[in-house]
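Enquirer: Chains as they are written, first to last, in our numbering: chain Z, 1201 to 1583; chain D, 725 to 841.
In this text, a Cβ means the ideal position worked out from N, Cα and C, and glycines have one as well.
Below is one structure. I have some questions about it.
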């Protein structure tokens, strides 16, 4: 199996964009190729991570459209959908294409166009991943977050304020990300007094609805130096699933697919959780940052809230989490998110994250679909 | 409100073609005349098209001869606490299927809300 390197990365401005899905994808794809100074016709495989362009915009066939729009025809193309984890699944597909020898140069572009829909409509598109018994009761992803947050706070006697501190930290990080949807600090009081969305969670416990795209360029590690002096190697990657029906899990506050994917990705890299210098976690809701930290072994069960409260996951802490601003501040264009997480880890381990750079050698990204239904974890290391 | 019993003795709601250990379903258990305990609850204020707002929801657990069986569903009231006893109450239409994304004919829309006892 060939070792796989990342030799280029890009992301568009995240937020409310005039551009539609094909324009967003082309913007990120072209910028990524330019970042690595590679002509589009050199691309062997082109993967597009996208959850729901058909449902949001009535535009399907986005991978073939993108191939023509960026000049990559006749590259092999494929759309990768794994709901909110489409981007992480896209990294897995891109890695497989190079590791197997099927492709010498693979471009992955993730994107979503959402803000032209109302929040209710966007919520429904995302909730359409749920089981019929969940969907008919109007169960949404935010309501799963409310149900799980209450359970966590009561089970571990954690203060409500600890969740607000996730939002405060990620907003603070987002200030330094010029592509983030929000580049604005908030304080604990603002978060604690914001409107109730899914009791006990309030507006600032939730990521926004976002348009945007991001891209990564992959090649065999032994050819990476042809493209750039500073590159990252994907040393570990793995994915896993949990039950489709969320309430059937033995304990709502344990994310088994995160635990499985994280353990396998770190195992493949020959690393322990303690070796990770920087992590991008899927904070679609503040509570998810606690649950992923615990499932990945970054904190003991029931203790992640203390790590956040004590500042151990701040940018200058022992394990900086979501230096990009996370989904909370950077935004969450579904199919783009996992790719944008990869973009941040690539920037961190190659020391090219500008003011956000924390001096990391080993980085981990955890991309979550549904409420932990399907997960991909990726470990990247700088070279 | 039908739960499935599987070869390995486990019981789950909703029913699936295979059980948690890959075994076949071997029977059903009617949960509708039993009571359950609230495991956790929320009130959703940002509901999608066709869903009542606010929408009080809970994960509840039935005790079927010593086996815990969980279910998710709407509550008849937001005035609940973890540990409360609730009973299922039938509702003809939990959500208006004519305005949601999912094809109305693809699934049922009736079911049970949970009411504090």
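Taking a Cβ distance cut-off of 8 Å, strictly less, list which residues of the stretch 1315-1336 of chain Z are near chain D, in chain order.
Expert: Those would be 1319, 1320, 1321, 1323, 1324, 1325, 1327, 1328, 1331, 1332, 1333, 1334, 1335 and 1336, in chain order.
Enquirer: How is residue 1567 (chain Z) classed by DSSP in three states: helix, strand or coil?
Expert: Here the question's residue 1567 (chain Z) lines up with position 367 in the first chain. Looking at residue 1567 (chain Z) - three-state DSSP - the assignment turns out to be strand.
Enquirer: One question on the structure: do residue 1425 (chain Z) and residue 1433 (chain Z) come within less than 9 Å of each other, judged by their Cβ atoms?
Expert: Translated into positions along the first chain, residue 1425 (chain Z) becomes position 225. Translated into positions along the first chain, residue 1433 (chain Z) becomes position 233. No, they are not a contact pair.
Enquirer: What residues from chain D crowd round residue 1342 (chain Z), counting only those whose CB sits closer than 8 Å?
Expert: Locating residue 1342 (chain Z) in the first chain gives position 142, counting from the first residue. Per Cβ cutoff of 8 Å: 768 and 770.
Enquirer: According to DSSP, is residue 765 (chain D) part of a helix, a strand, or is it coil?
Expert: The residue labelled residue 765 (chain D) in the question sits at position 41 within the second chain. DSSP places residue 765 (chain D) in strand when its eight states are reduced to three.
Enquirer: Can the beta-carbon of residue 772 (chain D) be found closer than 9 Å to that of residue 1340 (chain Z)?
Expert: Position 48 of the second chain, counting from 1, holds the residue named residue 772 (chain D). Position 140 of the first chain, counting from 1, holds the residue named residue 1340 (chain Z). A contact, by the Cβ cut-off of 9 Å.
Enquirer: Considering only the beta carbon of each residue, do residue 1504 (chain Z) and residue 1209 (chain Z) sit closer than 9 Å?
Expert: The residue labelled residue 1504 (chain Z) in the question sits at position 304 within the first chain. The residue labelled residue 1209 (chain Z) in the question sits at position 9 within the first chain. Cβ atoms of residue 1504 (chain Z) and residue 1209 (chain Z): not closer than 9 Å.
Enquirer: Indicate the three-state DSSP secondary structure (helix, strand or coil) for residue 1334 (chain Z) in the structure shown.
Expert: In the first chain, the residue the question calls residue 1334 (chain Z) occupies position 134. Residue 1334 (chain Z) falls in the helix class under three-state DSSP.
Enquirer: Within the 9 Å Cβ cut-off, does residue 1454 (chain Z) reach chain D?
Expert: The residue you call residue 1454 (chain Z) lines up with position 254 of the first chain. No, residue 1454 (chain Z) lies away from the interface with chain D (no Cβ there is under 9 Å from its Cβ).
Enquirer: Use the C-beta contact count for residue 1303 (chain Z): other C-beta atoms within 10 angstroms, 16 or more gives buried, fewer gives exposed.
Expert: Locating residue 1303 (chain Z) in the first chain gives position 103, where the first residue counts as 1. Buried, because 16 or more other Cβ atoms sit within 10 Å of the Cβ of residue 1303 (chain Z).
Enquirer: Smallest Cα separation from residue 764 (chain D): which of D:785, D:815 and D:739?
Expert: In the second chain, residue 764 (chain D) corresponds to position 40, counting from 1. For the residues D:785, D:815 and D:739, the minimum Cα distance to residue 764 (chain D) belongs to D:785.
Enquirer: Check each candidate in Z:1447, Z:1472, Z:1271 and Z:1507 and name the one with the smallest Cα separation from residue 1436 (chain Z).
Expert: Stepping through the first chain from its first residue, residue 1436 (chain Z) is reached at position 236. Ranking Z:1447, Z:1472, Z:1271 and Z:1507 by Cα distance to residue 1436 (chain Z) puts Z:1472 first.
Enquirer: Evaluate the contact criterion for the stretch 1460-1478 of chain Z versus the stretch 1315-1332 of chain Z: three or more CB pairs, one atom per stretch, below 8 Å.
Expert: Short answer: they don't touch.
Enquirer: Under DSSP, the alpha helix (DSSP H) around residue 1232 (chain Z) begins and ends at which residues?
Expert: As a first step, residue 1232 (chain Z) is located in the first chain; it is residue number 32 there, counting from the start. Segment 1221-1235, the alpha helix (DSSP H) holding residue 1232 (chain Z).
Enquirer: Alpha carbon to alpha carbon, how far is residue 1534 (chain Z) from residue 1270 (chain Z)? Give it in angstroms, no decimals.
Expert: In the first chain, counting from the first residue as 1, residue 1270 (chain Z) sits at position 70. In the first chain, counting from the first residue as 1, residue 1534 (chain Z) sits at position 334. C-alpha separation (whole angstroms): 22 Å.
Enquirer: Can you tell me which residues form a DSSP beta bridge with residue 1414 (chain Z)?
Expert: Here residue 1414 (chain Z) corresponds to residue number 214 of the first chain, with the count starting at 1. Note: residue 1414 (chain Z) sits in a beta bridge opposite Z:1211 and Z:1310.
Enquirer: Work out the CA separation of residue 1222 (chain Z) and residue 1408 (chain Z) for me, nearest whole Å.
Expert: Looking up residue 1408 (chain Z) in the first chain gives position 208. Looking up residue 1222 (chain Z) in the first chain gives position 22. About 21 Å.
Enquirer: Residues of chain Z with CB closer than 7 Å to the CB of residue 795 (chain D), please, in chain order.
Expert: What you label residue 795 (chain D) is simply residue 71 of the second chain in a count that begins at 1. Going along chain Z in sequence order, the residues near residue 795 (chain D) (Cβ under 7 Å) are 1447.
Enquirer: Identify every run of the beta strand (DSSP E) within the stretch 804-833 of chain D, keeping only runs that are complete inside it and at least 3 residues long; order them along the chain.
Expert: List check, beta strand (DSSP E) in window: 809-815.
Enquirer: Looking only at DSSP bridge pairs, what is residue 1282 (chain Z) linked to?
Expert: Locating residue 1282 (chain Z) in the first chain gives position 82, counting from the first residue. Note: residue 1282 (chain Z) sits in a beta bridge opposite Z:1284.
Enquirer: Return yes when the Cβ of residue 1563 (chain Z) is within less than 9 Å of the Cβ of residue 1579 (chain Z), no when it is not.
Expert: As a position in the first chain, residue 1579 (chain Z) is number 379, starting the count at 1. As a position in the first chain, residue 1563 (chain Z) is number 363, starting the count at 1. Cβ atoms of residue 1579 (chain Z) and residue 1563 (chain Z): closer than 9 Å.
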